[in-house]
Structure formats: C-alpha cells, structure tokens
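Numbering (the working numbering), first residue to last: 5 to 363. The next block holds one structure in the form of structure tokens; read it before the comments.
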Ligand SMILES: Nc1ncnc2c1ncn2[C@@H]1O[C@H](COP(=O)(O)OP(=O)(O)O)[C@@H](O)[C@H]1O
Ligand SMILES: [Mg+2]
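Laid out in structure tokens, this is it:
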C-alpha cells in the first residue's frame with residue numbers, strides 16, 4: 005500500500021518560510037494534482053515527499069510508515085522532472101536499465117524489467133536509439149520508463165510536459181492517464197495546465213503561498229470553490245468577479261438571496277462571481293433583474309465556443325461564453341442575463357458565502 009500522509013508540514017530555507025503547515029492524506033493508487041501560482045511551494049512539496057529536502061517541522065508517512073527521517077533512496081519514490089536528464093551517450097535501453105544495474109540486479113531481470121516498461125510506454129522500437137535521436141515526447145517517455153523499472157511506491161511528476169509542444173502535450177497527457185490505470189500506482193502531479201489538472205486528477209490540491217486553499221475533485225472545485233482564490237484560479241477564462249457595490253450601482257439587486265449558512269446575511273456580501281458560461285448574451289439594451297447592459301469590446305472565436313468581452317458601465321469588463329452560432333459585432337450594445345443559481349458570493353476576506361439566489 006502506498007498511501008501518503010502528511011501532517012503539520014513546514015519548510016523554511018533559512019529565514020524564508022516556504023511551506024506553512026500542510027496536512028494532506030493521499031490514498032493508495034490515487035492521482036493527486038498540485039496546482040497554484042509560481043513560487044507557492046509545489047516543487048518544494050514534491051521534494052519534501054521524495055526526501056530530497058529536509059523537513060523543518062511535521063511528518064510524512066508512506067504506506068503507514070513514518071519516513072520523515074529517511075533518505076530519498078530509502079523512501080523508494082520516483083520523480084519525473086520537466087527536464088528529462090537522460091544520459092546522452094547511453095541508448096534508451098541503457099538509460100532505462102541504469103537504476104537497476106546500479107542497484108545490482110542480475111542482468112536477466114534488468115532486461116525483463118526494461119522490456120516490460122518499454123511495452124507499457126510503446127518504446128520497443130526505440131530501445132537502441134540515443135536520446136538525441138528522439139523527440140521531446142519520446143525522451144520524456146524514456147524518463148518515465150526509467151522510473152517504472154524501479155517499481156516505485158509512488159510517482160512524483162513535476163510539470164513533466166511543460167517542455168513539449170501543444171500537440172505532444174495532449175498526446176502525453178492521455179498516455180499518463182493510461183499509465184496511471186495500467187500501473188495502478190499512487191501519483192502526485194504538479195502542473196500549471198488547467199486541462200491537465202481537470203482531466204488527470206482524482207483530486208486537485210490548490211496551493212497558495214505555502215498553504216492549501218482547497219482540496220477536492222476537479223468538478224467539485226470548479227462548481228463549489230470555497231474561496232475567491234480557488235474560484236478565480238480554477239477555470240479558464242476566469243470566473244468574472246464583480247464588487248457587490250458595483251452591481252448595486254448598475255441598478256441590480258440581489259436582495260432576494262437567502263443565506264444558507266448561519267450568521268451570513270446579504271449585508272456580508274463583498275463581491276459576486278459568475279463564470280463565462282453562466283450568462284447569455286442578447287442584442288440590445290434590455291435592463292432588468294439579473295441583467296447587465298454593455299458594449300462588446302473584443303471577442304475570441306475558438307471554433308467550438310466564443311468568448312465575448314463586454315464593457316459594462318460602472319463594473320468593467322465581463323467575459324461571456326457563447327455558442328459559435330451566436331455572433332455579435334465589436335461595439336454592439338448587448339444585454340447579459342446572469343443565471344442567478346450560478347452566482348457565487350464572497351465576503352470581504354474572500355470566503356465563499358453560501359446563498360441561494362432568487363430567480
Ligand atoms: N533551495 C532553496 N533555497 C531558498 N529558497 C528556495 C529554495 N527552493 C525553493 N525556494 C523558494 O521557495 C518558494 C517556493 O518554490 P517552489 O517550491 O519551487 O515553487 P513552485 O514549484 O510552486 O513554483 C520560492 O519562493 C522559492 O524561491
Ligand atoms: Mg515548481
């Protein structure tokens with residue numbers, strides 16, 4: 005069993021406090037994705053789990069065993085980085101065999117392990133090539149193969165696909181999803197790619213400044229973010245955020261909302277959030293309840309859907325998503341209808357207030 009249990013984890017580099025109290029339980033065979041802004045501590049978390057950095061405070065357990073004071077080789081985890089770090093003068097076969105040779109395994113066993121990993125990663129035809137004769141995606145597969153042969157307790161991936169071009173990323177993303185199913189191994193995966201996070205994760209962990217903001221299944225985070233940070237971090241384009249007072253000045257009232265959490269009342273709402281797909285667009289000025297009127301500033305037509313950036317007086321730019329069949333012109337006056345059941349409300353500390361909106 006390879007469950008990972010992290011308790012009260014802190015890490016400081018000298019005076020710089022980077023990880024500020026992380027508690028996290030990862031189940032055996034789970035695929036957990038870490039996301040968060042650059043510098044929030046994702047790589048440091050992986051390095052602490054792998055045993056490549058010393059813990060300042062707290063504990064890490066693997067499969068029920070406290071490994072906090074064990075070295076990286078003793079923990080038996082595999083880490084895959086953005087840079088492949090393959091040996092340039094060794095063939096694919098030799099690169100993949102290397103960790104097992106170093107460990108002193110008999111050569112028949114090494115050969116069998118390499119064949120197995122090559123089959124999983126579809127590298128059989130490339131075993132005698134050198135890294136320079138491979139594409140970026142193939143090199144990254146070799147780097148993963150070098151991990152697979154060791155049968156690690158868990159895989160730690162640190163933005164493994166960020167050096168690849170867009171088409172290869174998509175292909176490798178699907179490969180990693182299949183790999184997870186095939187190996188049934190615990191995986192932690194760091195990415196800044198929204199689609200990778202949403203599609204690969206059993207659960208996403210959102211980090212900010214060395215702390216966990218929220219943990220949950222991808223759609224749970226998307227639909228029920230527990231704060232403004234998560235609400236605007238998950239989803240692309242971002243959730244629109246509108247200050248409560250600005251909405252009031254635009255002649256819109258949400259006084260019909262009834263609080264569903266004790267102690268919260270409509271007066272504590274500081275801002276509202278609404279995702280681009282939860283609004284509809286119509287030509288012309290037709291103000292009314294749950295509506296905003298504005299002018300099309302720019303649009304982005306992606307084929308499958310379109311994004312219209314609408315300048316609303318007193319509020320700013322609001323982005324709405326439409327079907328490609330709905331077309332509007334730049335400068336056109338339009339009315340945005342907000343779906344009240346999809347409005348998010350936040351207090352002045354950015355915490356989500358749970359309200360039920362009135363149609
Ligand atoms: N060895 C180190 N010495 C000092 N500061 C470090 C060291 N490693 C990371 N940091 C700092 O820790 C913070 C988090 O870094 P990192 O974990 O790499 O972030 P992320 O992977 O989320 O972008 C950054 O401010 C970084 O400068
Ligand atoms: Mg990093």
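C-beta: ideal position from N, C-alpha, C; glycine also.
Assess contact between the region 168–179 and the region 65–81, defined as three or more Cβ pairs (one per stretch) separated by less than 8 Å. Is contact present? Proximity of the region 168–179 to the region 65–81 falls short of the contact definition, fewer than three beta-carbon pairs being nearer than 8 Å.
Rounded C-alpha distance that separates residue 128 from residue 203: Their backbone Cα atoms lie some 28 Å apart in a straight line.
Rounded Cβ spacing between residue 117 and residue 81 (contact assumed at less than 8 Å): Not confirmed; about 17 Å, so no contact.
Candidates 252, 139 and 71, of which the one nearest residue 96 by Cα: Nearest of 252, 139 and 71 to residue 96, Cα basis: 139.
Quick one: is the Cβ of residue 46 within less than 6 Å of any heavy atom of ligand 2? Yes, Cβ of residue 46 sits closer than 6 Å to a heavy atom of ligand 2.
Mapping DSSP to helix, strand and coil, what is residue 167? Residue 167 sits in coil when the DSSP states are folded into three classes, being neither helix nor strand.
Mind checking whether residue 167 and residue 218 have CB atoms under 7 Å apart? Using a Cβ distance threshold of 7 Å, residue 167 and residue 218 do not count as a contacting pair.
Would the beta-carbon of residue 35 be found less than 6 Å away from any heavy atom of ligand 1? No - ligand 1 has no heavy atom lying nearer than 6 Å to the Cβ of residue 35.
In the DSSP assignment, the alpha helix (DSSP H) including residue 73 goes from what residue to what residue? First-last for residue 73: undefined, no H or E at that position.
3 or more residues per run - each beta strand (DSSP E) lying fully within the region 56–102: DSSP runs (the beta strand (DSSP E)) wholly in the region 56–102: 61–66 and 82–84.
Give every residue of the same chain whose Cβ lies closer than 8 Å to the Cβ of residue 288, excluding the five residues on either side of it in the sequence, and list them in chain order. The residues are 337, 338 and 339.
Just tell me which of 323, 7 and 317 has its CA closest to the CA of residue 158. Among 323, 7 and 317, the Cα nearest to that of residue 158 is on 7.
Is any heavy atom of ligand 1 found at a distance shorter than 6 Å from the C-beta of residue 350? Closer than 6 Å to some heavy atom of ligand 1: that does not describe the Cβ of residue 350.
Residue 249 versus residue 298 - alpha carbon distance: Pairing residue 249 with residue 298, the inter-Cα distance amounts to about 17 Å.
Heavy atom of ligand 4 within 6 Å of residue 25 beta-carbon: For ligand 4, the structure offers nothing, since it holds only ligand 1 and ligand 2.
Check whether the region 44–59 touches the region 92–108, taking contact to mean three or more Cβ pairs, one atom from each stretch, closer than 8 Å. Short answer: they don't touch.
Mind checking which residues open and close the beta strand (DSSP E) that includes residue 283? Annotation: the continuous beta strand (DSSP E) that includes residue 283 extends over 283–287.
Do residue 245 and residue 275 have their C-beta atoms closer together than 7 Å? Yes, the pair counts as a contact, with Cβ atoms nearer than the cut-off.
Given residue 177 as reference, the closest of 198, 190, 350 and 188 once Cα atoms are compared: That would be 198, whose Cα lies nearest to the Cα of residue 177.
Length of the line joining the Cα atoms of residue 304 and residue 195: Here the C-alpha atom of residue 304 lies approximately 25 Å from the C-alpha atom of residue 195.
Taking 8 Å as the threshold, find out whether the region 346–357 comes into contact with the region 212–231 through three or more Cβ pairs. Yes, the region 346–357 is in contact with the region 212–231.
At a threshold of 6 Å, does residue 320 count as lining ligand 1 (C-beta to nearest heavy atom)? Distances from the CB of residue 320 to the heavy atoms of ligand 1 are all 6 Å or more.
Strictly by DSSP, which residues pair up with residue 128? Looking at the DSSP output, residue 128 bridges to nothing.
Cβ of residue 43 versus every heavy atom of ligand 1: is any distance shorter than 6 Å? Within the cutoff, so yes.
Cβ shell of residue 216 (< 8 Å), same chain only, five flanking positions each side left out: Here the set comprises 26, 27, 28, 209 and 210.
Report buried or exposed for residue 185, applying the criterion of at least 16 other Cβ atoms within 10 angstroms of its Cβ. Label assigned to residue 185: exposed.
Any idea if residue 15 is buried or exposed, counting beta-carbon neighbours within 10 angstroms, 16 or more meaning buried? By the neighbour-count definition (other C-beta atoms within 10 Å, threshold 16), residue 15 is a buried residue.
For residue 84 versus residue 164, is the C-beta distance shorter than 7 Å? A contact, by the Cβ cut-off of 7 Å.
Sequence-distant residues of the same chain with beta carbon closer than 8 Å to residue 109, five excluded per side: Around residue 109, the same chain offers 117 as residues with beta carbons nearer than 8 Å, after the five sequence neighbours per side are excluded.
Between which two residues does the alpha helix (DSSP H) harbouring residue 36 extend? Not the alpha helix (DSSP H): residue 36 falls in the beta strand (DSSP E), residues 35–39.
For the region 302–341, which segments carrying the alpha helix (DSSP H) assignment without a break, of at least 4 residues, lie completely within its bounds, in sequence order? Counting only runs that start and end inside the region 302–341, there is no alpha helix (DSSP H) element of at least 4 residues.
Here's the rule: buried if 16 or more other CB atoms are within 10 angstroms of the residue's CB, otherwise exposed. What is residue 88? Its Cβ being crowded by 16 or more others within 10 Å, residue 88 is buried.
Just the Cα atoms here: how many angstroms apart are residue 57 and residue 162? Straight-line Cα distance between these residues: approximately 15 Å.
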